[in-house]
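First residue of the sequence shown? That's 6 in the working numbering, and the numbers climb one at a time after it. A virtual CB, placed ideally from N, CA and C, is assigned to each residue, including glycine. Because the structure is a prediction, the values reported are computed rather than measured. To keep things clear, I will list the structure first and then write my remarks on it.
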Amino acid sequence: MKIRGIGRLRRAAARLKNRFAPGGLILLYHRVAEVPSDPFELCVKPRHFAEHLEVLKKHSYPVPLQQLVQAVQDRKSLNRSVAITFDDGYADNLYNAKPLLEQHNIPATVFVSTGYLEHERESWWDELERLLLQPGTLPKTLCLSINGNTYEWDLGEAAYYSEDAYQRHCTWTWCTPKEADPSPRQSLYRTLYQLLRPLVPNERQKLMDQIITWSGAESGSRSTHRFLSPEEVYALDQGSLIEVGAHTVSHPFLSTLSVAKQQYELQHSKTRLEEIIERPVNSFAYPHGDYTAETAALAREVGFVCACSTIPSKVRRNIDCFELPRLVVQDWDGEEFARQLSRWFYFQT
Ligand SMILES: [Zn+2]
Numbered sequence: 006m007k008i009r010g011i012g013r014l015r016r017a018a019a020r021l022k023n024r025f026a027p028g029g030l031i032l033l034y035h036r037v038a039e040v041p042s043d044p045f046e047l048c049v050k051p052r053h054f055a056e057h058l059e060v061l062k063k064h065s066y067p068v069p070l071q072q073l074v075q076a077v078q079d080r081k082s083l084n085r086s087v088a089i090t091f092d093d094g095y096a097d098n099l100y101n102a103k104p105l106l107e108q109h110n111i112p113a114t115v116f117v118s119t120g121y122l123e124h125e126r127e128s129w130w131d132e133l134e135r136l137l138l139q140p141g142t143l144p145k146t147l148c149l150s151i152n153g154n155t156y157e158w159d160l161g162e163a164a165y166y167s168e169d170a171y172q173r174h175c176t177w178t179w180c181t182p183k184e185a186d187p188s189p190r191q192s193l194y195r196t197l198y199q200l201l202r203p204l205v206p207n208e209r210q211k212l213m214d215q216i217i218t219w220s221g222a223e224s225g226s227r228s229t230h231r232f233l234s235p236e237e238v239y240a241l242d243q244g245s246l247i248e249v250g251a252h253t254v255s256h257p258f259l260s261t262l263s264v265a266k267q268q269y270e271l272q273h274s275k276t277r278l279e280e281i282i283e284r285p286v287n288s289f290a291y292p293h294g295d296y297t298a299e300t301a302a303l304a305r306e307v308g309f310v311c312a313c314s315t316i317p318s319k320v321r322r323n324i325d326c327f328e329l330p331r332l333v334v335q336d337w338d339g340e341e342f343a344r345q346l347s348r349w350f351y352f353q354t
């Protein structure tokens, strides 16, 4: 027999348990910036980030990630401890986030993918946005061979994308239901993202090169979408508030790689960052939150002290430090951020 409302009751009980159970939180940001088109909602506006820091000071105890990890290892109380983390290594972490963190004296860890450090290119997901979702004219048809399958897409009238259409559609995000895509440009972006995402980095890069050639655009990086350079990683690490952590070399889905390739991604990103900052790199974050038990064992083996996932949960005392949960933060204003935080820590908003 099915009792109506039992699922709802269970969810409410889980929410209450989360709110009142002791534990800390690790927040996951990517960028502190304001850009007109942000399909994956990676940006938190600087003014919103400043509001988040105010809320954290009022309702939690912001701590360095390594302090939280130490508390887990020592089985100490984590109550209301919050560690801030950033993934990928965008340059705005240095220019927009660090000054605000310093102003509020709040620590953070920045996980850097080292493959982007010396390249004058955007991440492949940003590059795809620049090629397909910015105004301009593209050839009508795109033909690609991916994993032995041949695909052909026809952009039709959307081969020409006007400034006006761009302005109307630039708030489009990946979460929009597919059937509500405002033009074939967004649909092609979605399809290509899904097809390219599972590929190994070399194959994906080859296809991105083909898409660039097809589009007639130049390669290179927009200043708004730039990644940190080695000098900027060094600058980010200066002072006592920011910890630099590793996030692999090429930002792959680690579970799809052989053990040897996973080991290279973990070890090489650690070594490269240690060369730059001239001290040990202890923290790691799995790109896309993707890992297996083998990956976690490798992270321990190469000498990391902890590794972060993207499983949204509280950090409790009995947690495995190589499966640390994190909550993705969106571009909420201070009020909404406080409301979201109050789902995990009990306080009146
Ligand atoms: Zn990432």
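Range covered by the alpha helix (DSSP H) that runs through residue i
i, result
"aspartate 92", "Counting along the chain, aspartate 92 falls outside any alpha helix (DSSP H), though it belongs to the beta strand (DSSP E) covering 86-93."
"alanine 265", "264-282"
"isoleucine 217", "206-220"
"threonine 300", "298-306"
"leucine 83", "First-last for leucine 83: undefined, no H or E at that position."
"glutamine 345", "339-346"
Straight-line Cα distance separating residue j from residue i
i, j, result
"glutamate 99", "glutamate 237", "Sequence check: residue 99 is leucine here, not glutamate. Computed Cα separation, rounded: 7 Å."
"proline 44", "arginine 348", "26 Å"
"arginine 80", "glutamine 71", "14 Å"
"glutamate 341", "tyrosine 351", "15 Å"
"glutamine 345", "leucine 32", "11 Å"
"tryptophan 337", "glycine 120", "30 Å"
"glycine 339", "valine 320", "23 Å"
"serine 220", "phenylalanine 116", "32 Å"
"aspartate 97", "threonine 90", "14 Å"
"threonine 155", "tryptophan 177", "28 Å"
"glycine 28", "threonine 261", "32 Å"
"lysine 50", "serine 224", "27 Å"
"arginine 52", "glutamine 108", "13 Å"
"tyrosine 166", "glutamine 172", "10 Å"
"lysine 211", "leucine 241", "32 Å"
"glycine 250", "leucine 278", "8 Å"
"leucine 147", "proline 235", "36 Å"
"glutamate 328", "alanine 88", "15 Å"
"alanine 151", "aspartate 214", "What sits at residue 151 in the sequence shown is isoleucine, not alanine. Each residue's alpha carbon lies about 13 Å from the other."
Proximity of residue i and residue j at Cβ, strictly below 8 Å
i, j, result
"lysine 290", "histidine 256", "First, the residue type needs correcting, since residue 290 is alanine and not lysine in the sequence shown. Cβ distance not < 8 Å, so alanine 290 and histidine 256 don't count as in contact."
"tyrosine 194", "leucine 133", "yes"
"leucine 138", "glutamine 191", "yes"
"arginine 227", "arginine 135", "yes"
"leucine 384", "leucine 73", "Given a span of 6 to 354 for the chain in the structure shown, any question on residue 384 remains unanswerable."
"proline 189", "leucine 160", "yes"
"phenylalanine 232", "glycine 94", "yes"
"proline 112", "valine 68", "yes"
"serine 288", "cysteine 311", "yes"
"phenylalanine 54", "valine 37", "yes"
"serine 294", "serine 318", "Before going on, a small fix: residue 294 reads as glycine here, not serine. The answer is no: Cβ separation not under 8 Å."
"leucine 47", "leucine 332", "no"
"valine 254", "serine 118", "yes"
"glutamine 268", "valine 205", "no"
"alanine 164", "lysine 145", "yes"
"valine 286", "histidine 57", "no"
"serine 42", "cysteine 175", "yes"
"lysine 103", "isoleucine 247", "yes"
Closer than 7 Å: residue i CB and nearest ligand 1 heavy atom
i, result
"proline 44", "no"
"proline 292", "yes"
"aspartate 131", "no"
"histidine 230", "no"
"aspartate 92", "yes"
"histidine 256", "yes"
"histidine 57", "no"
"histidine 124", "no"
"histidine 109", "no"
"histidine 252", "yes"
Delimiting residues of the beta strand (DSSP E) encompassing residue i
i, result
"alanine 113", "113-117"
"glycine 250", "247-251"
"phenylalanine 289", "288-290"
"alanine 312", "311-313"
"leucine 201", "First-last for leucine 201: 189-201, but that is the alpha helix (DSSP H), not the beta strand (DSSP E)."
"tryptophan 158", "154-159"
"leucine 33", "30-34"
"leucine 329", "Neither: leucine 329 is in no beta strand (DSSP E) and is coded neither H nor E."
"leucine 147", "146-151"
Ligand 2 heavy atom lying under 7 Å from the CB of residue i
i, result
"alanine 76", "For the structure depicted, ligand 2 is absent and the ligand set comprises only ligand 1."
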